[in-house]
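If you count by our numbering, then the sequence shown holds residues 2 to 189, one letter each, in order. From the three backbone atoms N, C-alpha and C, an ideal C-beta is built for every residue, glycine too. These notes are about the structure you will find just below.
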Amino acid sequence: MKDEAFIASIMEKGEQAKQKARIAFTVLSATQLNWKPWVHDWSIAQCLDHLVISDSSYFPVLKKITEGTYYMNAWTKYSPISTLWGRLLKDRLREQVKKKMTAPRIFQPTASEMSIDSIERYFSNLDSFLAYISKCRTIDLDKTIIPSPVTQIITYSLRDALSFLVQHEHRHLNQAIKVQTHENFPIK
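Below, the structure written as structure tokens:
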């Protein structure tokens, strides 16, 4: 069903993510953005890069949906486990971490050292993501089933995808803030 109130709430959570990142990260140096508490942990820049990669992987399908050219193939349309996948991902990608997860390879950050422009790249990507979400106000969120960018076998409703994606946004911003509050975080 079309649900403008749901889209408005997702947009609000997206704007809150932008504000959270702006307050926490725009004053940081490249050294601070790339600092890691442990060698296998992600830096703030890597958390932001991961969000850019994962969010933008949904742009092609969101573009088709918002332009009215999206086509659901037989599997996507009739998969008996779409609801299960949606529920599972909403539970696993909560804003508050219940269990640490390993990101799929396609969502891994691209580099260990990133430039200061990773913050602006994140904001630009989030603006694009929110623009697509805003255009979903007239879309049937429950009957529009989309495949995962990881594998076409995994499908879920657009409503579930938007729910877990905005949770995922805050999850990794919280992770990045945790890096920033580490006792050994560099002063400059």
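TODO: Inspect the beta-carbon positions of F124 and K19 and report whether they are closer than 8 angstroms.
DONE: Cβ atoms of F124 and K19: closer than 8 angstroms.
Open item on the list: To the nearest angstrom, how far is the alpha carbon of N35 from that of H183?
Closed with: 13 angstroms
Open item on the list: Can you give me the C-alpha to C-alpha distance between P187 and D128, rounded to a whole angstrom?
Closed with: 29 angstroms
Open item on the list: What would DSSP say about S10, mapped onto helix, strand or coil?
Closed with: helix
TODO: Hey, could you find the ends of the beta strand (DSSP E) I156 is sitting in?
DONE: First, the residue type needs correcting, since residue 156 is Thr and not Ile in the sequence shown. T156 to S158 is the span of the beta strand (DSSP E), which, as asked, contains T156.
Task: Reduced DSSP secondary structure (H/G/I, E/B, other) of I146 - done: strand
Task: Cα-Cα separation between R172 and Q97, rounded to whole angstroms - done: 6 angstroms
TODO: Can you tell me which of the three DSSP states L94 falls into?
DONE: coil
TODO: For H169, collect the residues of the same chain with a Cβ closer than 6 angstroms to its Cβ; drop the 5 residues on either side in sequence, then sort them by chain order.
DONE: L94
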